[in-house]
Structure formats: structure tokens, C-alpha cells
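The next block holds one structure in the form of C-alpha cells; read it before the comments.
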Amino acid sequence: MPTTSGPSSPGEAFERAKDAMARGDWNAFYATLDQQDLLTLLRNGLTSVVSHGHVDEAFREVCAHAGYPLDSVEDALTQMGVAVQSGEDVQVWAKEYRARMDRGFRVVADLPVFAAEVERHFRR
0 MPTTSGPSSP GEAFERAKDA MARGDWNAFY ATLDQQDLLT LLRNGLTSVV
50 SHGHVDEAFR EVCAHAGYPL DSVEDALTQM GVAVQSGEDV QVWAKEYRAR
100 MDRGFRVVAD LPVFAAEVER HFRR
């Protein structure tokens, strides 16, 4: 079985990522990303999806399949909205929202695969 070694330079990593994107190989693309960059993309993407009401049943299935606790994250975002409306300290819920997102990412077995599934879902 052939093994693929990691990139030998940032330039090589960029080329691998660019080639994977051109092929639409989202698993390979997300696998090239640094863990922190991947988490940043997931945090920003999921926040956009949830806060703009783009959660549908198929997206819930993607999250459930990966073990990501979407309901908990949605609840924290809702509570943050309630805090804004009632004049409460939003920072408490903002921190809780981030904490729930990050706890969710820790239970996902393969974050690059999860990110690729999310990508494919929204490219349909």
C-alpha cells in the first residue's frame, strides 16, 4: 500500500491543497490544513450556518454522523440572542457558545473528514 508523506515545505502544502480543491477532493484538501486553521474554518463556518438559519435535516445528519452535538451549540447561540434582547451580559453566553463548539470538535473522530462532509453538504 503506498504511503503519502507530509509536505516538505509550505509551498508544497499549498500546491497539494490547491490541487485537491481543483479536483473537488475535500477530504484531501481539509487533510492538508493545520489543526488550528481547520478549527478556525469550522468555527466560522458553523457559526455562519447556525446563525443564519441554514440548518436543515440533512445538515443535522452530517453533524450526527460525525458525533458533533449541533443541538447544544444551537441552544447556546439561542441563549446568546436572548441575552442580547434582555440586556444581559452576552459575554457569558459567547464564551459558552465557543466552549460548546470546541467540546463538540473534540468528540469528532476525524475533523478533516467532518469538514469535508460539511463542505459537500453545502455544495449540493
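Counting in numbering that gives the first Met the number 0, the sequence shown runs from 0 upward without gaps. Ideal placement from N, C-alpha and C gives every residue a C-beta, glycine not left out.
Taking V89 and A82 to be in contact with their CB atoms under 8 Å, please state how far apart those CB atoms are, rounded to whole angstroms. In the sequence shown, counting from the first residue as 1, residue 89 sits at position 90. In the sequence shown, counting from the first residue as 1, residue 82 sits at position 83. Indeed they touch by this definition, with Cβ atoms about 5 Å apart.
By DSSP, does T39 sit in helix, in strand, or in coil? Residue numbering aside, residue 39 sits at position 40 when the sequence shown is read from its first letter. It is helical.
Burial state of V106, where buried means 16 or more other Cβ atoms lie within 10 Å: Mapped onto the sequence shown, residue 106 falls at position 107. Exposed, because fewer than 16 other Cβ atoms sit within 10 Å of the Cβ of V106.
Nearest candidate by alpha-carbon position, reference R102, set G66, E56, V91, V49: Position 103 of the sequence shown holds residue 102. When only C-alpha atoms are compared, the closest one is G66.
Whole runs of the alpha helix (DSSP H) within the segment 23–107, excluding any shorter than 4 residues: The DSSP assignment places complete alpha helix (DSSP H) segments of no fewer than 4 residues inside the segment 23–107 at 25–30, 34–50, 56–65, 69–85, 89–106, in order along the chain.
Along the chain, where does the alpha helix (DSSP H) containing R119 start, and where does it finish? The residue you call residue 119 lines up with position 120 of the sequence shown. R119 -> alpha helix (DSSP H) spans 110–122.
Buried or exposed: where does E134 fall if 16 or more other Cβ atoms within 10 Å of its Cβ makes it buried? Within the shown structure, residues of the chain are numbered from 0 to 123, placing residue 134 beyond reach of any answer.
May I have the straight-line CA-CA distance separating F104 from V112, to the nearest angstrom? Residue 104 sits at position 105 when you count from the first residue of the sequence shown. Residue 112 sits at position 113 when you count from the first residue of the sequence shown. Cα to Cα, F104 sits roughly 12 Å from V112.
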